[in-house]
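Enquirer:
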Amino acid sequence: MILRTPPPRKRRADDSRAPESPGSDRRLVIYEDPVPESSHGPSEQMLCTYQCRQMVKAEFLESLNSAEKQVRDYQSRLEASNENFCKAEADRKKFRDQFFYAEQELAAVKGREKALQEQLLKEVNDSKGRFKKQIQSYSELEGKLQNEMNLRKNAESSAALAEEKASALEGKLSQFSESIEREKKRLQYELAQLKRESKLSVSRISADLERMECRANNAEKESELLKEQLEELKSQLNECLHQKSEAEKKLSSCTSQEVTTSMESDILVKHLQEELRNYGFEVREARKLKSSHENIELLKEKLLEEKGRRERAESELLKLPEIQLSMKKLEDELLSWKLMVKDIPGVSCSDDVPMKFAALQKEVIEGMMKLGEANARLKQMEVSLDAAEHAKQNAETEAASAKESSEVSKSEVKRIELMLGLVTEERDQLRNAINELKKQKNVEAGDETKNGTLLQEFELSLAKKENCIKELENNLCEQKEVNNRRFNEIKLLNEKLNNEARRIKSLEREGDRLRSEISLLESKLGHGDFSATNTKVLRMVNTLAVDNEAKQTIEALQTELQKAKEKLEAIEELKTQSADSGKLVDSYVAGKIVQFKEQIATLEKREERYKTVFADRISVFRRACCELFGYKIVMDDHQRPNGIPVTRFTLQSIYAQSDDEKLEFEYESGNTNILANAYTSQPEISQQVEIFIQKLNSIPAFTANLTVESFNKRTLC
Amino acid sequence: MASRTATKDIITLRGSAAIVSEFFGNLPFCSSPFLSFLYLGLIYVWVGKVILMGKKMFSILYNRGVYPEESFGKVKKYGLPMLLTQDEGVKSFIANLTAQLSEWLETGKLQRVVLVIMSKATNEVLERWNFSIETDGEVVENGVSREKSDKEIMREIQAIMRQIASSITYLPCIDEPCVFDVLAYTDTDVAVPFTWIESDPKLIANPQMVKLHSFDTKIHKVDTLVSYKNDEWDED
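Chains as they are written, first to last, in UniProt numbering: chain S, 1 to 717; chain F, 1 to 236.
The following block contains the structure:
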């Protein structure tokens with residue numbers, strides 16, 4: 001209700017208040033009529049109240065209009081603010097969605113980062129594990145290497161010991177050999193002395209023999225004379241017997257005729273009988289003489305033998321003290337040998353010495369083989385060690401790169417966390433702004449100007465926040481993209497780098513190897529070397545020299561044939577002069593010529609056959625020797641400057657790893673010597689040459705050892 | 001020389017083998033210093049007449065005296081004047097040799113031909129002329145042919161002949177009677193004819209080497225290299 005007559009003060013106060021209250025509060029206050037204060041002046045009061053009421057009404061209407069206008073303004077502003085608020089709400093929602101999206105993306109990024117970190121950690125752990133394994137393997141390899149080194153040292157020490165023993169034994173052997181040579185020399189000297197003495201004795205004996213021979217001749221002559229005498233006597237005896245028989249016949253024929261003459265015949269017979277007896281006696285004496293002579297001769301021979309034996313015995317008796325001395329010396333030496341043999345372990349008698357030497361040689365060979373095997377194993381270990389070091393280096397580089405990438409990712413994570421912090425701050429600010437907006441909403445109706453400025457500020461801040469958020473999002477996206485790109489690029493580059501480095505190294509090695517191979521091959525080509533597995537060298541058998549020789553022989557034979565023809569012609573000329581003798585000579589010469597021609601033809605055929613057979617056989621023999629002994633042998637004849645012919649043998653093992661591995665030997669009148677070349681001057685080979693050829697004087701042992709070593713190298717490789 | 005087909009420049013295996021074997025056959029007869037002792041003497045004489053006029057060089061021929069000077073005749077081969085021997089023995093030897101080389105070339109089994117000059121007294125190898133042969137395996141296996149003009153092949157052979165002739169300027173002088181021998185490096189599966197035997201490669205210790213030109217028929221490629229013993233004067 002509006003007062004009809006409001007008190008002036010109150011009006012002023014109300015007037016003063018009235019403009020304030022609508023502007024400030026923008027609220028409509030409805031007055032109620034107060035209780036009338038007094039009844040004095042009712043007419044004035046009635047007029048006044050109507051005018052007042054009219055004034056008040058007019059004022060009220062004006063104020064109402066203005067208020068309505070204000071209300072409408074306020075409503076429009078409210079609507080605008082509501083719209084703005086709605087927009088702001090929508091924006092807020094949008095921003096909130098974006099914020100949530102950003103949060104989700106952040107969470108996803110975080111998750112990806114976590115996953116990356118985990119992956120990196122896994123990779124780092126894997127690389128660590130690999131590294132540890134490699135270190136373990138490295139340490140194991142080192143341990144094995146140490147063991148192998150120790151084994152090698154032991155083998156070397158045992159080989160050195162065996163070599164020392166072998167050298168000591170060789171020294172002893174040389175001493176023995178020297179002593180044996182001295183003994184030989186002494187014995188030879190003694191033998192020479194004995195020979196001289198025997199020659200002297202032989203000369204003496206021959207002189208005696210001559211004497212005896214003379215005596216024997218004389219005795220023979222005497223015996224012959226005696227024999228002749230005996231034969232004469234025999235013949236006389238026979239004559240006498242014959243006479244006797246005739247006389248007896250005569251007697252028998254004459255007994256009947258004359259008895260008187262019997263006395264005379266008796267006397268004759270008696271005489272004849274006495275003569276017979278004498279002859280028989282002489283014959284017996286001659287036989288006795290002969291037998292005695294034979295006995296004498298036998299006795300003489302026996303005497304001679306006995307004399308010879310005596311002289312021999314005397315000479316040997318003279319030699320006895322010397323022989324006893326030599327016996328003593330030999331016994332002393334034998335004792336010393338036996339003591340030395342006792343010192344040698346595993347040897348009980350002299351027969352065991354060569355076996356012991358062979359066993360020691362085998363030990364040395366086995367030691368060398370073990371040494372070779374240990375060297376091969378050492379080389380393998382070194383190769384594996386190099387490979388392990390390479391792998392270790394690679395793992396270290398990978399670990400370093402992984403560390404770098406993890407640091408990079410950590411820095412990225414930190415940066416993103418910072419960004420996240422910023423974004424959360426922004427979000428909080430936005431939330432605060434939203435709360436303020438809400439608060440402002442509640443106060444909005446009473447204070448429009450404040451709302452406007454607040455709205456503007458809010459809009460400004462919102463715009464700023466939007467820009468910030470957009471910038472942040474853009475930055476985040478860019479950063480992510482950049483990070484991903486960089487990460488991928490770095491990975492690719494690293495891989496490419498490693499691959500290229502490896503390729504470059506391998507290419508460099510390949511290039512060096514090829515260059516060295518090319519230079520080697522060129523030098524070998526120029527030198528004339530070849531691979532025996534793929535190539536063989538042939539030359540013609542019938543060289544010009546051989547052809548020349550054959551030509552010369554043929555020419556010689558032709559000249560001989562011509563001479564024979566000339567002779568034939570001469571003989572034919574002679575033939576015309578003497579027919580008979582000519583015929584014979586002609587036929588003889590023709591036969592001879594035919595024979596010679598046939599001989600020439602057969603000899604030529606034989607020569608050809610021998611050549612072909614020899615060529616075949618020699619190639620078969622060479623191939624067989626190569627397969628049986630493991631060496632390809634090429635024989636070549638040379639002549640030294642002094643004209644001595646020398647045969648040179650070049651041996652190449654079938655297990656040789658290169659064509660330079662050749663042995664050259666020179667054979668001259670039963671002696672074979674090894675020639676020095678690049679292959680034999682290598683330390684391993686020269687050592688073997690020293691041991692087997694120079695000290696032990698055995699080329700087969702050297703070649704066999706070399707074959708076994710080459711075979712082992714081949715099988716190990 | 002090459003087997004002629006309708007197109008002039010096509011080279012077959014047989015034609016290429018004929019070119020190469022003829023080249024080897026003419027080599028010993030070309031005016032170059034890597035020949036037999038008499039031939040060495042002859043070329044020295046020839047050069048002596050033209051350039052050196054040395055009695056010592058001339059005496060080599062007379063000292064050897066197996067093939068007299070009049071046994072050589074001048075012919076033109078590969079566009080160059082060459083001296084070919086008329087000695088029937090040497091001719092037959094070279095003919096047999098080239099026939100066998102041609103056979104091996106056609107089967108692709110010949111890897112190298114080496115001409116060795118040795119001292120007659122000591123059998124020491126003084127010079128070694130090495131001709132390495134690369135054969136196109138596809139031609140041997142499948143019998144295909146290649147294209148190359150005869151002129152070009154002749155040009156290449158001429159270049160080699162000229163180089164061989166000029167090699168006298170740096171090869172050491174040989175003052176003693178020499179003999180020559182021909183070695184053939186073949187595959188191991190080649191059947192050895194009865195007129196051939198296996199031999200050692202007759203190498204020179206620490207040789208000096210000079211690489212010459214090569215010629216190529218597109219089927220056979222021949223590289224030439226001469227290695228010789230270091231001259232004592234040069235070492236000093």
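C-beta: ideal position from N, C-alpha, C; glycine also.
1) Compile a chain-ordered list of the residues in the region 189-211 of chain F whose CB is closer than 7 angstroms to at least one CB of chain A.
2) Cβ of residue 535/S less than 7 angstroms from any chain F Cβ?
3) Taking the C-alpha atoms as reference points, what is the distance between residue 719/S and residue 628/S?
4) Hey, is residue 183/F's beta-carbon within less than 7 angstroms of any beta-carbon in chain S?
5) Would you mind reading off the limits of the alpha helix (DSSP H) that contains residue 704/S?
6) Tell me the residue span of the alpha helix (DSSP H) that contains residue 685/S.
7) Please report the straight-line C-alpha distance between residue 457/S and residue 61/S, rounded to a whole angstrom.
8) Mind pulling the chain S residues with CB within less than 7 angstroms of residue 97/F?
9) If you reduce the DSSP assignment to three classes, tell me which class residue 68/S lands in.
10) Could you check whether the region 150-160 of chain S touches the region 424-438 of chain S, counting it as contact only if at least three pairs of C-beta atoms, one from each stretch, sit closer than 8 angstroms?
11) Considering only the alpha carbon of each residue, which of 132/S, 269/S, 602/S, 565/S lies closest to residue 590/S?
12) Could you tell me whether the Cβ atoms of residue 633/S and residue 614/S are closer together than 7 angstroms?
13) Using a beta-carbon distance below 7 angstroms, is residue 352/S in contact with chain F?
14) Note down, in chain order, each residue of its chain lying with its Cβ closer than 8 angstroms to the Cβ of residue 699/S, except the 5 sequence neighbours on either side.
15) With C-beta atoms as the reference, is residue 175/F less than 7 angstroms away from residue 539/S?
16) Can residue 108/F and residue 158/F be called in contact, C-beta distance under 7 angstroms?
17) Kindly identify the DSSP beta-bridge partner or partners of residue 130/S.
18) Given a limit of 7 angstroms on CB to CB distance, which residues of the region 655-687 of chain S reach chain F?
19) So what's residue 679/S in DSSP terms, helix, strand or just coil?
20) Mind checking if residue 621/S is an interface residue toward chain F, Cβ cutoff 7 angstroms exclusive?
21) Would you say the region 163-175 of chain S touches the region 357-370 of chain S, given that touching needs at least three Cβ pairs under 8 angstroms?
22) Which residue or residues does DSSP assign as beta-bridge partners of residue 638/S?
23) If you count every other CB in all the chains shown that lies within 10 Å of the CB of residue 195/S, and 16 or more means buried, which is it?
24) Do you know offhand how far residue 428/S's Cα is from residue 407/S's?
25) Residue 412/S to residue 149/S, Cα distance in whole Å?
26) Is it right to say residue 75/F is buried, meaning 16 or more other beta carbons lie within 10 angstroms of its own, or is it exposed?
27) Answer yes or no: does any C-beta atom of chain S fall closer than 7 angstroms to that of residue 111/F?
28) Please classify residue 181/F: does DSSP put it in a helix, a strand, or coil?
29) Step through the CB atoms of chain F and report whether any lies within less than 7 angstroms of the CB of residue 615/S.
30) Strictly by DSSP, which residues pair up with residue 337/S?
31) List the DSSP bridge partners of residue 537/S.
32) I want to know whether the region 503-522 of chain S touches the region 607-624 of chain S - three or more CB-CB distances under 8 angstroms.
33) For a contact defined as C-beta to C-beta under 7 angstroms, what are the partners of residue 634/S on chain F?
34) Could you compute how far the alpha carbon of residue 637/S sits from the alpha carbon of residue 645/S?
35) Interface residues of chain F around residue 700/S at Cβ under 7 angstroms?
36) Using a threshold of 7 angstroms, state whether the C-beta atoms of residue 200/S and residue 289/S are closer than that.
Expert: Per the coordinate set shown:
1) Chain labels in this structure do not include chain A; the protein chains are S and F.
2) Within the first sequence, numbered from 1, the residue matching residue 535/S stands at position 535. Closer than 7 angstroms to some Cβ of chain F, the Cβ of residue 535/S qualifies, so yes.
3) Because chain S spans 1 through 717 in this model, residue 719/S falls outside it and cannot be assessed.
4) Here residue 183/F refers to the residue found at position 183 when the second sequence is read from its first residue. Output row for residue 183/F: interface = yes.
5) Position 704 of the first sequence holds residue 704/S. Its alpha helix (DSSP H) spans residues 699-716.
6) Along the first sequence, read from residue 1 onward, the residue named residue 685/S stands at position 685. 683-688 is the extent of the alpha helix (DSSP H) around residue 685/S.
7) Position 457 of the first sequence, counted from the first residue, corresponds to residue 457/S. Position 61 of the first sequence, counted from the first residue, corresponds to residue 61/S. Taking the straight line from one Cα to the other gives about 37 angstroms.
8) As a first step, residue 97/F must be located in the second sequence, where it is residue number 97. Result: 540.
9) Sequence index remark: in the first sequence, residue 68/S carries index 68 (1-based). The answer is helix: DSSP assigns residue 68/S an H, G or I state.
10) Contact fails: fewer than three Cβ-Cβ distances are below 8 angstroms.
11) Taking the first residue of the first sequence as position 1, residue 590/S is located at position 590. Of 132/S, 269/S, 602/S, 565/S, the residue nearest in Cα terms is 565/S.
12) The residue you call residue 633/S lines up with position 633 of the first sequence. The residue you call residue 614/S lines up with position 614 of the first sequence. The beta carbons of residue 633/S and residue 614/S sit no closer together than 7 angstroms.
13) As a first step, residue 352/S is located in the first sequence; it is residue number 352 there, counting from the start. No - not a single Cβ of chain F is within 7 angstroms of the one on residue 352/S.
14) Counted from its first residue, the first sequence places residue 699/S at position 699. Correct list, in chain order: 665, 672, 674, 692, 693.
15) To locate residue 175/F, count along the second sequence from 1; it is residue 175. To locate residue 539/S, count along the first sequence from 1; it is residue 539. Cβ atoms of residue 175/F and residue 539/S: not closer than 7 angstroms.
16) Locating residue 108/F in the second sequence gives position 108, where the first residue counts as 1. Locating residue 158/F in the second sequence gives position 158, where the first residue counts as 1. No, they are not a contact pair.
17) Counting from one through the first sequence, the residue named residue 130/S turns up at place 130. Answer is none; residue 130/S lacks a bridge partner.
18) none
19) Start at 1 with the first residue of the first sequence, and residue 679/S comes out as number 679. Residue 679/S: coil per DSSP, three-state reduction.
20) The sequence position of residue 621/S within the first sequence is 621, counting from 1. Answer no: the Cβ-Cβ gap between residue 621/S and chain F never drops below 7 angstroms.
21) yes
22) The residue given as residue 638/S occupies position 638 in the first sequence. In the DSSP output, where bridge partners are listed per residue, residue 638/S has 646/S.
23) One-based indexing of the first sequence puts residue 195/S at position 195. Exposed.
24) As a working mapping, residue 428/S is identified with position 428 in the first sequence. As a working mapping, residue 407/S is identified with position 407 in the first sequence. Answer to the nearest angstrom: the Cα atoms are 31 angstroms apart.
25) Within the first sequence, the letter at position 412 stands for residue 412/S. Within the first sequence, the letter at position 149 stands for residue 149/S. About 51 angstroms.
26) Numbered from its first residue, the second sequence carries residue 75/F at position 75. Residue 75/F should be labelled exposed.
27) Translated into the one-based positions of the second sequence, residue 111/F becomes position 111. Chain S, which has a Cβ nearer than 7 angstroms to the Cβ of residue 111/F, makes this yes.
28) Position 181 of the second sequence holds residue 181/F. Three-state DSSP puts residue 181/F in a strand.
29) Stepping through the first sequence from its first residue, residue 615/S is reached at position 615. At a cut-off of 7 angstroms between C-beta atoms, residue 615/S counts as an interface residue with respect to chain F.
30) Your numbering for residue 337/S matches position 337 in the first sequence. Paired residues: none, contrary to the question.
31) Residue mapping note: residue 537/S aligns to position 537 of the first sequence, counting from 1. Residue 537/S pairs with 185/F.
32) no
33) Within the first sequence, residue 634/S is the residue found at index 634, counting from 1. 200, listed in chain order.
34) The count along the first sequence starts at 1 and reaches residue 637/S at position 637. The count along the first sequence starts at 1 and reaches residue 645/S at position 645. In a straight line, the C-alpha of residue 637/S is about 7 angstroms away from that of residue 645/S.
35) As a position in the first sequence, residue 700/S is number 700, starting the count at 1. Think of a sphere of 7 angstroms around the beta carbon of residue 700/S: no beta carbon from chain F falls inside it, the nearest being about 22 angstroms out.
36) On the first sequence, residue 200/S is found 200 positions in, with the first residue counted as 1. On the first sequence, residue 289/S is found 289 positions in, with the first residue counted as 1. In this structure, residue 289/S does not lie closer than 7 angstroms to residue 200/S by Cβ.
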